[in-house]
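First up is the structure itself, then whatever we jot down about it.
In this note's numbering, the protein residues as written are 73 to 320.
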């Protein structure tokens, strides 16, 4: 970027240029374009990331929660190192790959679950990504830590996460810790699902004074299951959570 008029701008305006980037990859490309811009990037990394990442990375807060569970970047901590940014980008790309893999399976499977759409809406995609960050994080915890976190969840979250564990594929996560967990216990995600279902059933009974058996009080499609995360299920899901479904 020799003799670029951009470099004639004051530092605060150059920081604003960085902050208007649409992705952290674009930030990195701009920083790599010359020594002066790279210096500004490094000196203002925390501010720039805080401006760009929440808008550029879907479910950014859930991603930060996962990184905290991984021990990479505590919740509330400032992004101060290039390695922190690399972790944000790499992890978010991996979850995007999980979504792409799921989407490809849906489209290729002619007998797919009739209660799950073949093309996910933006809100369904957001729920998918958020849940996968949370499930990835749960997989990193030991049994006691898992139980403690699951016990703190509300009924909505346990219903959603129990559902997503039907399509969660930890073998596609590029993380050495997850792979060690799966190699040690190939059914680890199924055991996690059992724990979440137990908590869901317990809280459902306590809240609504009836067992969690949606086949008894919601529409059901043959060969389907209850994908509460799908848009088409949201109205009846909310009625079930609030209990209005049982007091019509």
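All C-beta atoms in this analysis are idealised placements derived from N, C-alpha and C, irrespective of residue type, glycine included.
**Residue closest to residue 236, alpha-carbon to alpha-carbon, out of 104, 136 and 269** = Translated into positions along the chain shown, residue 236 becomes position 164. The shortest Cα separation from residue 236 among 104, 136 and 269 belongs to 269.
Review point. Comparing alpha-carbon positions, which option in 120, 167, 108 and 113 lies nearest residue 244?
Key: Sequence index remark: in the chain shown, residue 244 carries index 172 (1-based). Here the closest residue by C-alpha is 167.
Please report the residue range of the alpha helix (DSSP H) in which residue 224 lies.
For this step, residue 224 is matched to residue 152 along the chain shown. Looking at the DSSP string, residue 224 is not in any alpha helix (DSSP H), and its letter there is neither H nor E.
Would you call the CB atoms of residue 141 and residue 81 closer than 9 angstroms? By one-based count along the chain shown, residue 141 stands at place 69. By one-based count along the chain shown, residue 81 stands at place 9. Contact: no.
Quiz item: Which residues in the same chain have their Cβ closer than 7 angstroms to the Cβ of residue 275, if we skip the five residues on either side of it in sequence?
Solution: Translated into positions along the chain shown, residue 275 becomes position 203. If we look at residue 275 and ignore the five residues flanking it on each side, its Cβ neighbours are 227 and 230.
Measuring CB atoms only, is the segment 119–138 touching the segment 172–189, in the sense that at least three cross pairs come out at less than 8 angstroms?
no
request  = Please determine if the segment 134–150 and the segment 207–223 are in contact, where contact requires at least 3 C-beta pairs separated by less than 8 angstroms.
outcome  = yes
Short check: CB of residue 109 to CB of residue 79, under 9 angstroms?
In the chain shown, residue 109 corresponds to position 37, counting from 1. In the chain shown, residue 79 corresponds to position 7, counting from 1. The answer is yes: Cβ separation under 9 angstroms.
Problem set entry | Which of helix, strand or coil DSSP assigns to residue 177 | Reading the chain shown from its first residue, position 105 is the one you call residue 177. Reduced to three states, the DSSP call for residue 177 is helix.
message: For a test of the three-state rule: what should DSSP assign to residue 119, helix, strand or coil?
response: Residue numbering aside, residue 119 sits at position 47 when the chain shown is read from its first letter. In the structure shown, residue 119 sits in a helix (DSSP, three-state: H, G or I).
Task: Whole alpha helix (DSSP H) elements within the segment 190–252, 4-residue minimum - done: 194–211, 215–223 and 227–236
*Pull up the distance between the alpha-carbon of residue 254 and that of residue 157, whole angstroms please.*
Looking up residue 254 in the chain shown gives position 182. Looking up residue 157 in the chain shown gives position 85. Roughly 27 angstroms separates the two Cα atoms.
>> Less than 9 angstroms between the beta carbons of residue 170 and residue 129, yes or no?
In response: Position 98 of the chain shown, counted from the first residue, corresponds to residue 170. Position 57 of the chain shown, counted from the first residue, corresponds to residue 129. Cβ distance not < 9 angstroms, so residue 170 and residue 129 don't count as in contact.
Touch test, the segment 280–295 against the segment 304–317, Cβ-Cβ under 8 angstroms, three pairs minimum
yes
**Asked** Is residue 74 helix, strand or coil when you go by DSSP?
**Response** Taking the chain shown and counting its residues from 1, one reaches residue 74 at position 2. Note that residue 74 scores 49 on pLDDT, short of 50, meaning its location in the model is unreliable; the coordinates nonetheless yield the value given after this. If DSSP states are grouped into helix, strand and coil, residue 74 belongs with coil.
| message | I need the boundaries of the alpha helix (DSSP H) containing residue 143, first residue and last residue. | response | As a working note, residue 143 is residue 71 in the chain shown. Where residue 143 is concerned, there is no enclosing alpha helix (DSSP H), given that its DSSP letter is neither H nor E.
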